[in-house]
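Chains as they are written, first to last, in the UniProt record's numbering: chain A, 1 to 351; chain B, 1 to 351.
Where is the CB? At the ideal position from N, CA and C, for every residue including glycine.
Okay, so here's the structure we're looking at.
2 protein chains.
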Amino acid sequence: MMAMEEEVVVNRKAVLKHHLPPDRVPKESDMELVATDTVRLRVPSGSTAVLVKNLYLSCDPYMRSRMTKHDEPSYVPDFVPGTPISSHGVGKVLDSGHPDFKVGDYVWGMTGWEEYSLITSTEHLIKINHTDVPLSYYIGILGMPGLTAYAGFYEICSPKKGEYVFISAASGAVGQLVGQFAKLMGCYVVGSAGSDEKVNLLKNMFGFHEAFNYKKEPDLNKALKRCFPEGIDIYFENVGGAMLDAVLANMRLNGRIAVCGMISQYNLGKHEGVHNLLALIAKCICMQGFLVSNYYKCYREFEEKVVQYIKEGKIVYIEDIAEGLENAPSALVGLFAGRNVGKQLIVVARE
Amino acid sequence: MMAMEEEVVVNRKAVLKHHLPPDRVPKESDMELVATDTVRLRVPSGSTAVLVKNLYLSCDPYMRSRMTKHDEPSYVPDFVPGTPISSHGVGKVLDSGHPDFKVGDYVWGMTGWEEYSLITSTEHLIKINHTDVPLSYYIGILGMPGLTAYAGFYEICSPKKGEYVFISAASGAVGQLVGQFAKLMGCYVVGSAGSDEKVNLLKNMFGFHEAFNYKKEPDLNKALKRCFPEGIDIYFENVGGAMLDAVLANMRLNGRIAVCGMISQYNLGKHEGVHNLLALIAKCICMQGFLVSNYYKCYREFEEKVVQYIKEGKIVYIEDIAEGLENAPSALVGLFAGRNVGKQLIVVARE
């Protein structure tokens, strides 16, 4: 056993102080760092839990919903004030009562914003097979956002070579991958993002055919008509609201909209109205919402394919790295302000 | 040849006087009856056209769009002021240059609001195989609305026995059939309509398990929760707007929404905003728009099945009949006011 038997150490945590109202953006002061708790670095005897040292933690848009208390249960549980935020993370196994996970293994799955986590729900904990790529990739391109992009694009969008593909929030963890999958498939790919720096990345790093800064476009409808004079076959929806309305007005016959997220709406009490849904009929459009949790069955197939793409240099990937648990709250707040460039993550420890 | 050779007769017509702005309901005074034109009751020599005596004409919600001039071409062409309104109709062939249609045949397809029409676009003209059911059924239950209900329910909704099905505008030409198809499939079926008389029909004539008058419900969300404590698996969408929003809040996991029409929006310049689209993600909902024109290939299969249902008394069907071409404008206006009870049609002649 490599675990330090019976050792009890301080376990710093980033906790949510209180639930947020649905209609405002998260602030750093909604969270706080607690450095007074301790943890015993062993799993309870007889349990099938896994004790991990957290290395990398993820910031993802869906986490906004968890910061608010809901009357009806959502597909992800609300955070509990006073306890650590939870998110996907990459960790190293320090002790394990589970036959699938051994001391020294690297794993990814749902963990806590703390230095050490005792993971008792291990159904979605996944052993990392490839340690010759950066481990942090397993909360991004090789983790939940990567699988989201993969399932959303290949399963929901039914893409065909030569089709016109539009991706919003295109430089984010999911969008950058969808765009590159679409390019590999031989589609024409355009993305939108919220800064010139991101637009530059889309065009010059990720190989999008075209990209625009939505904040600089007085008329999104015109921006889309300029980029898609023939219209859009596939829209990978990450933002909602006005962008969705403009896209609906520019879809082609038999178009597909994969509804992955609507980040523009997450801090609004009442969501913006979408006015152009009548286009669904005339254009025979299919709009399909989906959750990545239904696609874990194809995780290993996805992992092998994308690891191969990475090693062959067919896919590139950009991370925005915050150093230290103490910077986790500002990293999460920055996500909803669009401050991150690429996949936002937090390094708790590098080994 | 039964046609009266060289005979020229007066051909009364109901014409659109002018295009309507998009944001108001049609009025009778937008149309007028013209009784000064004549028609020769023969097809031009050498043409493949068909000359029909119009018997029954249809009023359908999609016709509202055709009354307004559009900058971009729609899936159906705009009406041309000064010429007869066009719609689906049932007619008797008086002369034919087309090998598939003979004098004396009954046919249904797109025709004009006039006593006699020379039909030159015959691709969608269909010979009526069953004359032992009322001929008017071929602009309703056995025509375009029937095929819409059939394709929309069986192809788009992927229904399963025991599922919870909601239909808006449920007493209309399409809705009454969808509800009965759903009942035959073993689903739990609820419909909404705009009067107590229609609600009564839904429950006591069409066999819906439950129905409500949306005009008497102060809170559509509560009405749906009352009818569907377990939520909705399938929504057959005919109205749009606030009803769609309420339905989105009540859908179950993996729900399907077949978007057939949005009649509540057809007389609005700017369509109402729909706010609850975020539900598409959490519930993995598929929202699919469709056009009946893509399903004519299964018309004969549909016709045989539904004729059988009618003869066995498994399906009932209600028509709202306006007598005479002179009453056609008020019948169409009434459709958008919800005045019709059942499928709205116009009798031009009975034989």
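Identify, in the order they occur along the chain, each residue of the same chain with its Cβ nearer than 7 Å to the Cβ of Lys-102/B, setting aside the five sequence neighbours on each side. Counting from 1 along the second sequence, the entry for residue 102/B is found at position 102. Correct list, in chain order: Val-93, Ser-96.
Does the distance from the C-beta atom of Ala-322/A to that of Ala-331/A stay below 8 Å? In the first sequence, the residue the question calls residue 322/A occupies position 322. In the first sequence, the residue the question calls residue 331/A occupies position 331. Against a cut-off of 8 Å, the Cβ pair of Ala-331/A and Ala-322/A comes out as a contact.
Might you give, ordered along the chain, the residues of its own chain that have their beta carbon closer than 7 Å to the beta carbon of Asp-196/A, omitting 5 neighbours on each side? By one-based count along the first sequence, residue 196/A stands at place 196. Once the five neighbours on either side are set aside, the close Cβ partners of Asp-196/A are Asn-213.
Contacts that Phe-290/B makes with chain A (C-beta to C-beta distance below 8 Å): The sequence position of residue 290/B within the second sequence is 290, counting from 1. Per Cβ cutoff of 8 Å: Ile-281, Cys-284.
Are the beta-carbon atoms of Val-274/A and Leu-244/A separated by less than 8 Å? To locate residue 274/A, count along the first sequence from 1; it is residue 274. To locate residue 244/A, count along the first sequence from 1; it is residue 244. Taking 8 Å as the Cβ cut-off, Val-274/A and Leu-244/A qualify as a contacting pair.
Would you list, in chain order, the members of the stretch 265 to 279 of chain A that have their beta-carbon closer than 9 Å to a beta-carbon of chain B? From the stretch 265 to 279 of chain A, only Gln-265, Tyr-266, Lys-270, His-271, Glu-272, Gly-273, Val-274, His-275, Asn-276, Leu-277, Leu-278, Ala-279 have a Cβ closer than 9 Å to chain B.
Span of the alpha helix (DSSP H) holding Asp-245/A? Translated into positions along the first sequence, residue 245/A becomes position 245. Start and end: 241 to 248.
Got a sec? Which residues, its chain only, sit under 6 Å from Glu-272/A by beta carbon, not counting five neighbours each side? Taking the first residue of the first sequence as position 1, residue 272/A is located at position 272. The beta carbon of Glu-272/A sits closer than 6 Å to the beta carbons of Gly-241 from its chain, once the five residues preceding and following it are set aside; these are given in chain order.
Contact check, Phe-236/A vs Gly-152/A under 8 Å by CB: the rounded distance? Residue mapping note: residue 236/A aligns to position 236 of the first sequence, counting from 1. Residue mapping note: residue 152/A aligns to position 152 of the first sequence, counting from 1. About 6 Å separates the two Cβ atoms, so the contact holds.
Taking 7 Å as the limit between beta carbons, can you name the residues of its chain near residue 354/A, skipping five residues before and five after? Any property of residue 354/A remains undetermined from this structure, which presents chain A solely from 1 to 351.
Just to confirm, is the Cβ distance from Cys-284/B to Asn-254/B under 8 Å? Working through the second sequence from its first residue, we reach residue 284/B at position 284. Working through the second sequence from its first residue, we reach residue 254/B at position 254. Yes. Within cutoff.
Count the other CB atoms, across all protein chains shown, that sit within 10 Å of the CB of Met-1/A; report buried if there are 16 or more and exposed otherwise. Taking the first sequence and counting its residues from 1, the one referred to as residue 1/A is at position 1. At Met-1/A, the pLDDT of 46 sits below 50, so the modelled position is not reliable and the matter cannot be decided from this model.
Quick one, which of Val-174/B, Ser-136/B, Val-107/B has its alpha-carbon nearest Ile-128/B's? As a working note, residue 128/B is residue 128 in the second sequence. Ile-128/B has its Cα closest to that of Val-107/B, out of Val-174/B, Ser-136/B, Val-107/B.
Counting pairs of Cβ atoms below 8 Å between the stretch 175 to 187 of chain A and the stretch 246 to 253 of chain A, do you hit three or more? In short, these stretches do not touch, since the Cβ pair count stays below three.
For Val-9/B, the residue or residues it bridges with in DSSP: To locate residue 9/B, count along the second sequence from 1; it is residue 9. The partner list for Val-9/B (beta bridge, DSSP) reads Val-39/B.
If the cut is a Cβ gap below 7 Å, which residues of chain A does Tyr-75/B touch? Sequence index remark: in the second sequence, residue 75/B carries index 75 (1-based). Ordered by position in chain A, the residues that pass the 7 Å Cβ test against Tyr-75/B are Ala-282.
Taking C-beta pairs closer than 7 Å, name the residues in chain A that Met-287/B reaches, listed in chain order. For the purposes of this step, residue 287/B is taken as residue 287 along the second sequence, with counting starting at 1. At a beta-carbon threshold of 7 Å, the residues of chain A lying near Met-287/B are Leu-280, Met-287, ordered along the chain.
If you compare alpha carbons, which of Glu-301/B, Leu-335/B, Met-31/B is closest to Phe-79/B? Start at 1 with the first residue of the second sequence, and residue 79/B comes out as number 79. Among Glu-301/B, Leu-335/B, Met-31/B, the Cα nearest to that of Phe-79/B belongs to Met-31/B.
In chain order, each beta strand (DSSP E) run of at least 3 residues that lies wholly inside the stretch 232 to 300 of chain A: Runs of the beta strand (DSSP E) lying entirely within the stretch 232 to 300 of chain A, each at least 3 residues long, are 232 to 237, 251 to 259, 286 to 289 in chain order.
Length-filtered (3 minimum) beta strand (DSSP E) runs lying within the stretch 191 to 236 of chain A: As far as the stretch 191 to 236 of chain A is concerned, its whole beta strand (DSSP E) runs of at least 3 residues are 210 to 213.
What residue range does the alpha helix (DSSP H) around Met-63/B cover? For this step, residue 63/B is matched to residue 63 along the second sequence. From DSSP, the alpha helix (DSSP H) with Met-63/B extends over 63 to 66.
Please say whether Lys-343/A and Asp-320/A have beta carbons closer to each other than 8 Å? Locating residue 320/A in the first sequence gives position 320, counting from the first residue. Locating residue 343/A in the first sequence gives position 343, counting from the first residue. Going by beta carbons, Asp-320/A and Lys-343/A fall inside the 8 Å limit.
Taking only the alpha-carbon atoms, compute the straight-line gap between Asp-132/A and Arg-42/A and give it to the nearest angstrom. By 1-based counting over the first sequence, the position of residue 132/A is 132. By 1-based counting over the first sequence, the position of residue 42/A is 42. If you take the alpha carbons of Asp-132/A and Arg-42/A, they lie about 28 Å apart.
Would you mind stating whether Leu-184/B and Ala-193/B have Cβ atoms separated by less than 8 Å? Residue numbering aside, residue 184/B sits at position 184 when the second sequence is read from its first letter. Residue numbering aside, residue 193/B sits at position 193 when the second sequence is read from its first letter. In this structure, Ala-193/B does not lie closer than 8 Å to Leu-184/B by Cβ.
Please report the distance separating the alpha-carbon of residue 352/A from that of Pro-84/A. This structure does not reach residue 352/A, given that chain A is present from 1 up to 351, and the question cannot be answered.
Pull up the distance between the alpha-carbon of Met-4/A and that of Val-52/A, whole angstroms please. Indexing the first sequence from 1 puts residue 4/A at position 4. Indexing the first sequence from 1 puts residue 52/A at position 52. Residue placement at Met-4/A is poorly supported in this model, since its pLDDT is 48, which falls under 50; the coordinates are not used for a value here.
Could you tell me whether any Cβ in chain B is nearer than 8 Å to the Cβ of Gly-46/A? In the first sequence, the residue the question calls residue 46/A occupies position 46. Gly-46/A does not count as touching chain B.
If Lys-161/B sits next to Gly-186/B, beta carbons under 8 Å apart, how far is it from one beta carbon to the other, in whole angstroms? Along the second sequence, one-based indexing puts residue 161/B at 161. Along the second sequence, one-based indexing puts residue 186/B at 186. That belief holds up - the Cβ atoms of Lys-161/B and Gly-186/B are roughly 4 Å apart, short of 8 Å.
Beta-bridge partners of Ser-96/B, as assigned by DSSP: Indexing the second sequence from 1 puts residue 96/B at position 96. In the DSSP secondary-structure assignment, Ser-96/B is bridged to Val-50/B.
Under three-state DSSP, which class holds Met-4/A? Your numbering for residue 4/A matches position 4 in the first sequence. For Met-4/A, the pLDDT reaches just 48, beneath the cut-off of 50, and the residue's location in the model is therefore unreliable, leaving the point undetermined.
Whole angstroms are fine: how far does the CA of Leu-33/B sit from the CA of Pro-8/B? Sequence index remark: in the second sequence, residue 8/B carries index 8 (1-based). Sequence index remark: in the second sequence, residue 33/B carries index 33 (1-based). Inspection of the sequence shows that residue 8/B is occupied by Val rather than by Pro. Going by the C-alpha atoms only, they are around 19 Å apart.
Name the chain A residues whose beta carbon is nearer than 7 Å to that of Tyr-144/B? Within the second sequence, numbered from 1, the residue matching residue 144/B stands at position 144. The sequence given here places Met at residue 144/B; Tyr does not occur at that position. Within chain A, no residue comes near Met-144/B; the closest Cβ sits about 14 Å away, beyond 7 Å.
Look at the Cβ atom of Asp-60/B, then the Cβ atom of Ser-87/B, and state whether they are nearer than 8 Å. Translated into the one-based positions of the second sequence, residue 60/B becomes position 60. Translated into the one-based positions of the second sequence, residue 87/B becomes position 87. Yes. Within cutoff.
Who are the near neighbours of Gly-38/A in its chain, counting only those whose CB is closer than 7 Å to its CB and skipping five residues on each side? Counting from 1 along the first sequence, the entry for residue 38/A is found at position 38. The sequence as given places Thr at residue 38/A; Gly does not occur at that position. Annotation for Thr-38/A: Val-8, Val-9, Val-10, Asn-11 place their beta carbon closer than 7 Å to its own, counting only its chain and skipping 5 residues before and after.
Contacts that Gly-261/A makes with chain D (C-beta to C-beta distance below 8 Å): In the structure shown, chain D cannot be found, because the protein chains are A and B.
By Cβ distance below 8 Å, which residues in the same chain neighbour Thr-122/B in space, the five residues on each side in sequence not counted? As a first step, residue 122/B is located in the second sequence; it is residue number 122 there, counting from the start. Excluding sequence neighbours, Thr-122/B sits near Thr-48, Ala-49, Val-50, His-98, Asp-100, Phe-101, Gly-109.
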